[in-house]
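Numbering (the numbering used here), first residue to last: 609 to 969. Idealized CB from N, CA, C, for every residue including glycine.
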């Protein structure tokens, strides 16, 4: 009884007099980089519903989501080599189809944090000497004390996703470094320290052969185009590198039916930003359909949609907020008419210029 009364008084106090388990877990996570905040949810249940959770943020890529989920489950079930990373994937496909978005979603789902990811742009490693930037300069060279971009990031935070973006642009010698990571799950930096990669998820993205997918007519069979993509991949990468990857996943080109789901995701993010000022944004079906149609581009994927939302929705909203036309706590209703979006009483005409001929290089 006295213990119950003490706990009740503690809840009323302005300053906590006891250290709670969740506070200890938060400190451990901050010091070690090991995620602990979601340990209440069973690991088995979390892995079994992986496709469902990833599919909420990544639209139109069911096959890619399933392939990644299977590989992660194999690793966590103990059926994969324990001396290798949790998974290693090569994401292929045209621009704007969700390769980077799936990577961010995996980081948030597996490690409970969107920022649990180190992104390395491989266009910065096109020269032979740039390999030392990944693992650190050897003794006697400039930058020896700084550590490598890759090894230092993983050493400080061993539980995270490592993204090698546009990997086809890197110098061939860079792949010699990646071979050891993919095969042994470890790497020795310039100072002789061994860095453990066994708790990381390795993802490489590439646009090799993307033109074959981008030029497909809507609704056409993509099997021949995917075969062309894989042929381009085999010509560019060495067999010993491709054989060490768990999966080589080709992302499908987005179609019109996928745009509705992407609009809903983008609107959720905008509504979350407006919620800080207690402003509610209500889009009807006509407004969502208008955004989906204006933002659809078979070549450039979902990226034009973000620009349409910025120009046609965020720009007018920012002007209305600064002018005082919309106050904190207000509700903004958005619909669409023949001339474009209608935000409250304001008509925003469509100013998007559609490219007459889009070319993917």
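Fewer than three pairs of CB atoms, one per stretch, sit closer than 8 Å, so the segment 718-735 makes no contact with the segment 875-890.
By the beta-carbon neighbour count (other beta carbons within 10 angstroms, threshold 16), residue 734 is exposed. In the three-state reduction of the DSSP assignment, residue 770 falls in the strand class. Taking the Cα of residue 657 as reference, the smallest distance to any Cα among 676, 740, 809 is reached at 676. Apart from the 5 residues on each side of it in sequence, residue 891 sits with its Cβ closer than 7 Å to the Cβ of 875, 942 in its chain, given in chain order. Between residue 922 and residue 949, the beta carbon gap of about 11 Å keeps them out of contact (Cβ cut-off 8 Å). Here residue 762 carries a helix assignment [DSSP, helix/strand/coil]. Minimum Cα-Cα distance from residue 846 among the listed residues 799, 787, 893 corresponds to 787. Secondary structure at residue 830: coil, using DSSP grouped into helix, strand and coil. The DSSP assignment places complete alpha helix (DSSP H) segments of no fewer than 4 residues inside the segment 871-949 at 893-902, 911-917, 923-931, in order along the chain. When Cβ pairs closer than 8 Å are counted between the two stretches, the segment 736-750 is seen not to touch the segment 672-692, the count staying below three. The beta carbon of residue 792 sits closer than 7 Å to those of 691, all from its chain and outside the five residues before and after it, given in chain order. Look at residue 842 here: in three-state DSSP terms it is helix. In this structure, residue 654 sits away from residue 730, with a CB-CB distance that is not shorter than 7 Å.
Residue 805 and residue 894 have their C-alpha atoms roughly 48 Å apart.
Note that the C-beta distance between residue 759 and residue 795 is below 7 Å.
In the displayed model, residue 713 falls within a helix according to three-state DSSP.
Note on residue 665: 16 or more other CB atoms within 10 angstroms of its CB, so buried under the neighbour-count rule. The beta carbon of residue 937 is closer than 6 Å to those of 886 in its chain, skipping five residues each way along the sequence.
Between residue 702 and residue 818, the C-beta spacing is below 7 Å. Here residue 795 is bridged, per DSSP, to 803. Closest option to residue 913, judged by alpha-carbon separation, among 682, 940, 862, 764: 862.
Of the candidates 704, 737, 682, 636, 682 places its Cα closest to the Cα of residue 696. Positions of the beta strand (DSSP E) runs, each at least 3 residues long and wholly inside the segment 695-750, are given as 695-700, 725-729 in order along the chain.
Taking the C-beta atoms as reference points, residue 699 is found no nearer than 7 Å to residue 783. In the DSSP annotation of this structure, the continuous segment of the beta strand (DSSP E) that includes residue 812 starts and ends at 809-814. DSSP lists 698 as the beta-bridge partner residues of residue 856. Per DSSP, residue 862 lies in no alpha helix (DSSP H) segment and is marked neither H nor E. Under the DSSP assignment, residue 663 falls in the alpha helix (DSSP H) whose first and last residues are 658-663.
A straight line joining the alpha-carbon of residue 741 with that of residue 909 spans about 33 Å. In the DSSP assignment, residue 632 forms no beta bridge with any residue.
Sixteen is the threshold: when 16 or more other Cβ atoms of the shown chains lie within 10 Å of the Cβ of residue 905, as they do, the residue is buried. For residue 916, the closest of 663, 707, 900, 856 by C-alpha to C-alpha distance is 900. Here the C-alpha atom of residue 761 lies approximately 7 Å from the C-alpha atom of residue 726.
Rounded to whole angstroms, the gap between the alpha carbons of residue 889 and residue 634 is 34 Å.
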